[in-house]
Each structure stands twice: as structure tokens, then as C-alpha cells.
Amino acid sequence: MKIEKAEVFVTCPDRNYVILKITTESGLVGIGDATLNGREIAVSAYLENHICPQLIGKDAKNIEDIWQLLYRGAYWRRGPVTMTAIAAVDVALWDIKGKAANMPIFDLLGGSSRDGLLVYGHATGKSIDQLIDEYHKHKEMGYRALRVQASIPGIERSYGVSKDKSSTYEPATKGAIPEEENWSTEKYLSYAPKIFDAIRNKFGFDDHLLHDAHHRLTPLEAAQLGKSVEDFKLFWLEDPTPAENQESFRMIRQHTTTPIAVGEIFNSIWDCKTLIEEQLVDYIRATVCHAGGITHLRRIADFASLYQIKMGAHGPSDISPAGMAAGLHLGMWIPNFGIQEFMGYSEKMLSVFNVNWTFEDGYLHPGFKPGLGVDFIEDEAAKYLISRSFTNSSLNRRDSLELVSWV
Ligand code: EZ4
Ligand code: CO
Numbered sequence: 019m020k021i022e023k024a025e026v027f028v029t030c031p032d033r034n035y036v037i038l039k040i041t042t043e044s045g046l047v048g049i050g051d052a053t054l055n056g057r058e059i060a061v062s063a064y065l066e067n068h069i070c071p072q073l074i075g076k077d078a079k080n081i082e083d084i085w086q087l088l089y090r091g092a093y094w095r096r097g098p099v100t101m102t103a104i105a106a107v108d109v110a111l112w113d114i115k116g117k118a119a120n121m122p123i124f125d126l127l128g129g130s131s132r133d134g135l136l137v138y139g140h141a142t143g144k145s146i147d148q149l150i151d152e153y154h155k156h157k158e159m160g161y162r163a164l165r166v167q168a169s170i171p172g173i174e175r176s177y178g179v180s181k182d183k184s185s186t187y188e189p190a191t192k193g194a195i196p197e198e199e200n201w202s203t204e205k206y207l208s209y210a211p212k213i214f215d216a217i218r219n220k221f222g223f224d225d226h227l228l229h230d231a232h233h234r235l236t237p238l239e240a241a242q243l244g245k246s247v248e249d250f251k252l253f254w255l256e257d258p259t260p261a262e263n264q265e266s267f268r269m270i271r272q273h274t275t276t277p278i279a280v281g282e283i284f285n286s287i288w289d290c291k292t293l294i295e296e297q298l299v300d301y302i303r304a305t306v307c308h309a310g311g312i313t314h315l316r317r318i319a320d321f322a323s324l325y326q327i328k329m330g331a332h333g334p335s336d337i338s339p340a341g342m343a344a345g346l347h348l349g350m351w352i353p354n355f356g357i358q359e360f361m362g363y364s365e366k367m368l369s370v371f372n373v374n375w376t377f378e379d380g381y382l383h384p385g386f387k388p389g390l391g392v393d394f395i396e397d398e399a400a401k402y403l404i405s406r407s408f409t410n411s412s413l414n415r416r417d418s419l420e421l422v423s424w425v
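In C-alpha cells form, the structure reads like this:
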């Protein structure tokens, strides 16, 4: 199964996506998501210049060996651009292996550990009333787990809430440069519990309730938030504080029993080593497409399982449907699976990818087609030119009085 061709496609059906396509001499084709939101061209250039040429002639069967070669053989290790590029190769090779074996990827990995993957959707509102409407709509759609975000009075733009009137949150902003936003921890900490209180009052405690603090807090503030919302029994509090300094989660842990999730911007096992070994979090949110593919995320999941930590992958629309499918296949196998984020995709996004997953009663299943079960429709993709966009939602500055104080 020698690799004959490795091609990179860039498209923008509402969102920018980068896809790697690998073709073998025998004519098997595999695809992998190479989308790194807000840094799309960096990965496509990295693949085209540094990775694709090395793949030609390699045996597509030897996924682990190719992974190690791309990781160790490049001198530079880790980093989101490299690990997204390696992930794209890895998933394309799993896709090819699945097609060659006539099995869906989850079967190759050891088979299903469950009938489907519990997913959570997004309910967001400009006000608590609008949030309640959205929450209700999502329950009708079948969701059993929802992340809730609402505008915080007094903060111009709150994370997770749309810019315009619509109630749908869109993570990417098209434009020449990212916008900067202001932020007030005081206002957020006093308002957030009211959001959960309103939801639990209205809908009770049967659904899983999640919330994303999106790296805005210091460890002490995060501990205060976790403690003040314990009665609402969150499924998790996400990204309470940035995780470059993994030890800083110790303080949060010492003060609250609210479950903690982190890792949507992690790209390797080293990003979560201390968090896992010291059991400082409950869920790791790394994804197949940003953390080195199925081969590497499987390693993280196994390591986390030793410490009773579960996986809860990131799943915004800035991960392409091909990347989502890869996460679903791995999730079917992961014994210590927790939950999968699923924002859903627009019709235009799905016009470029034929997917085979099914969503029923709040659970996703990747389908039974051999390989990834997703076809990339090149003719459709060619219609949508990439446009510069940014993921600026991590950019809130601290209190407006302290515009230059980044914490
Ligand atoms: O804002 O992926 O939990 N989910 C998230 C995402 C991120 C986007 C950024 O592009 O935090 O929605
Ligand atoms: Co998040």
C-alpha cells in the first residue's frame, strides 16, 4: 500500500477548512482534517512543504511508524501547527486502513465500548430568557447535555454569545485583524451562578449542565466560581484558568468539588501530564485533529484512564466534519469516554463533506462505513475560497480599568 500522492485542499463553506488527501498506488484514498482554526494556512503550508514530500513511497499500513517519523524526525517537536499536520496524516492513514480492511475505524481500534456517544450542544442567550428558549429548543432536538453561556450585564461581549441578534454562537470572526474585547471578572463571578440557578429552576436536574469559563480566570477566581456553583451540580466547568502552568489547577482542586474540564487547545500528552498524574481535572478535552491524530489521542486516553480521568473532546464547527468523524470513531472505542461536544454544521459545510453519522436522542454514532465514513467533495469545496478569519474568543482583556493587564 505505497503512498502515491498527498494533496492539501483549502476551502471555506461558511468556515475555513483544510483537508489532506492521501492516495495509494492501489487507488485507496484517505482524508484527514488539517484545520487549525485561525491558523489554517500555517498548517497547509507546513503539510505541503515539509510533510507531503516525505510521505511519497511510504507504506500506508505502518501508521505508528509514520507517526513516530513525523514527530521525532522533524527535530522540532509538538506545537499546534505540527501536531495538527501530523493528525491529518494519521487520520488519513486510518481511513485508508479501514477501507482496506472493510471496517469502520472504531472496529480496527478494538470495537465499540458503547452504542453511541453522549454529546453536548450549545445553548446561548443575550439574556437569561433567551437562553431558556434556546435550552428548550435544544432539549426538543434531543440533547441531554447542554453547555450554557449568557451575556453578562456590563460586559460588552461575553464569550460564547453571538455578536449580532441571532442566538447562534459562531466561533470565528472574518476580518483583517482580531478584535479586542474588555472583561470584568467581578461582574462575571457574581452573575454566572444566576444563569445556572435559572436553568435548574426551570428544567430541573435531569440534564447534564456544562459551562465554559474560556481561560478568563485566575486559579483563585476559578476556585471561587467552582465553589459558588456546587449546588447546581455542573457536569463540568471548562477551562477555568489557562493550563500552561498545570500546577495551578491544584488550587482549584483544593477548594471545590465542581468537576473540571480542560484541554481544547492542548496538542500533546505533555500538555496534560501533571494534570492527569495529580488528578487535577476530571475531563481532558484534547481532540484527534489538534493533538496528533487517533494514534496520539488514544495514548492520552489510556494514560488518563489510569487516573480515572475521562475524555470530553472539543467539537466546535471549526473542526471539519472529517475531524468530527475521527473523534467519533475514537470515542466509540475509548473505555474512559465521557462526552463529546457537538455544535452541529450548516448545510453549506455539509455540502462539502458527505457524512454518515447519525444523531438520535442526544447520542451520535459514526456509522458503519469502512474507514472514516466521510467523503470530501472536491468540486463543491472548490467553490468556496478561503477568507482570513480569527478565533478571537480567547482575547478578552481583564477589567476595563486595567486594559493592559493580562493575567
Ligand atoms: O470557542 O473552538 O468549548 N468550545 C470552545 C469553542 C471555541 C472555538 C474557537 O474557535 O471553547 O467553541
Ligand atoms: Co471551550
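The sequence shown finishes on residue 425 if you use the working numbering, and the numbering steps up by one all the way, no holes.
Glycine is no exception: its CB is placed at the ideal position from the N, C-alpha and C atoms.
| query | result |
| --- | --- |
| Quick one: using the 10 Å Cβ neighbour count with 16 as the cut-off for buried, is MET350 buried or exposed? | buried |
| My output table needs one value for PRO339: the three-state DSSP class, helix, strand or coil. | helix |
| What's the C-alpha gap between ILE352 and ALA319? | 7 Å |
| Check whether the Cβ of THR313 lies closer than 7 Å to any heavy atom of ligand 1, and answer yes or no. | no |
| Got a list of residues with beta-carbon closer than 6 Å to any non-hydrogen atom of ligand 2, in chain order? | ASP230, HIS232, GLU256, ASP257, GLU282 |
| THR409: beta carbon under 7 Å from a heavy atom of ligand 1? | yes |
| In the DSSP assignment, what are the bridge partners of GLN297? | DSSP output for GLN297 lists no bridge partner at all. |
| Indicate, with yes or no, if ligand 1 has a heavy atom lying under 7 Å from the CB of ALA216. | no |
| On a CA-only basis, which of PHE386, SER405, GLU359 is nearest LEU135? Give me that one, please. | GLU359 |
| Just the Cα atoms here: how many angstroms apart are LYS401 and LEU252? | 43 Å |
| Sorted by chain position, which residues of the same chain lie with C-beta nearer than 7 Å to GLY97's C-beta, five sequence neighbours on each side aside? | ASN285 |
| Looking at ligand 1, does it come within less than 7 Å of ASP336, judged from the CB to the closest heavy atom? | yes |
| Per DSSP, which one or two residues make a beta bridge with HIS154? | Answer is none; HIS154 lacks a bridge partner. |
| Can you tell me which of THR186, TYR93, GLY172 puts its alpha carbon nearest to the alpha carbon of TYR153? | THR186 |
| Determine contact between the region 226-234 and the region 198-210, defined as no fewer than three beta-carbon pairs at a distance below 8 Å. | yes |
| DSSP has PRO13 in a bridge; who is on the other side? | Because the chain in this structure spans residues 19 to 425, residue 13 falls outside the shown range and cannot be described. |
| Please state the DSSP three-state secondary structure of ARG165. | strand |
| May I have the straight-line CA-CA distance separating ILE104 from GLY172, to the nearest angstrom? | 43 Å |
| Distance check for GLU256 and GLN242, CA to CA, integer angstroms please. | 14 Å |
| Would you tell me roughly how many angstroms separate the C-alpha atoms of ILE146 and ILE84, rounded to the nearest one? | 50 Å |
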